[in-house]
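Data first, discussion second: the structure below is written as structure tokens.
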Amino acid sequence: MSMGSQFEADDVMSDINMTPLIDVMLVLLIIFIITLPVINHAVKLELPKADSHAMEKQPDAIDVSITPDGAILWNKEPVNDDQLKQRIAVAAVQDPTPNVRLFADKEVRYERVAALLSAAQGGGLSKIDFVTEAKPTTP
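Under our numbering, the residues of the sequence shown are numbered -7 to 131, in order.
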């Protein structure tokens, strides 16, 4: 009687090699991951139609400047506090309401800027843009 090894040529292999199966599954997974966003974004929609029309008239901008000594300029014209309130009231009733572009010197006290903002908001002008200068770029 001959003693054979555990793995004889005639025996059927009982273990399955999982490596090729895992490789195929990973390839399929990658294909699905890549094609899934294309499928989701390929939805056909009936978008509503819109008539094009001329743009509404853009509101005029009012330039309000505050000098370093606290003086206020309304479109480059000096005004005092009473005149400022009157001009704000007149501008607030215009249709469309104009935007205010605020040019304040960097040396102006914050209290002066806050008082102007309060007067503009109290008078009905709520669209206020703060204008600054861009820093020069150094080469």
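Using N, Cα and C, we set each Cβ at its ideal position, and we do this for glycine too. Since the structure is predicted, the reported quantities are computational estimates derived from the model, not experimental observations.
Residue burial is scored here from C-beta neighbours: ARG101 has fewer than 16 other C-beta atoms within 10 angstroms and is therefore classed as exposed. Of the candidates VAL56, PRO60, VAL16, LEU76, the residue whose Cα lies closest to the Cα of LYS68 is VAL56.
Remark: C-beta atoms of ARG93 and ASP52 do not approach each other more closely than 8 Å. Under the three-state reduction of DSSP output, ARG101 falls in the coil class, being neither helix nor strand. Within the stretch 69 to 99, the alpha helix (DSSP H) runs of at least 4 residues that lie entirely inside it are, in chain order, 73 to 84.
Following the DSSP letters along the chain, one finds ASP121 inside the beta strand (DSSP E) bounded by residues 120 to 122.
Excluding sequence positions up to five before and after ASP97, its CB lies within less than 7 Å of the CB of ILE58, THR59, PRO60, all in the same chain and listed in chain order.
Burial state of LEU18 is exposed, judged by a 10 Å Cβ sphere holding fewer than 16 other Cβ atoms. In this structure, VAL123 is the residue among LYS127, VAL123, PRO128 with its C-alpha nearest to the C-alpha of ILE54. A straight line joining the alpha-carbon of VAL16 with that of VAL4 spans about 25 Å.
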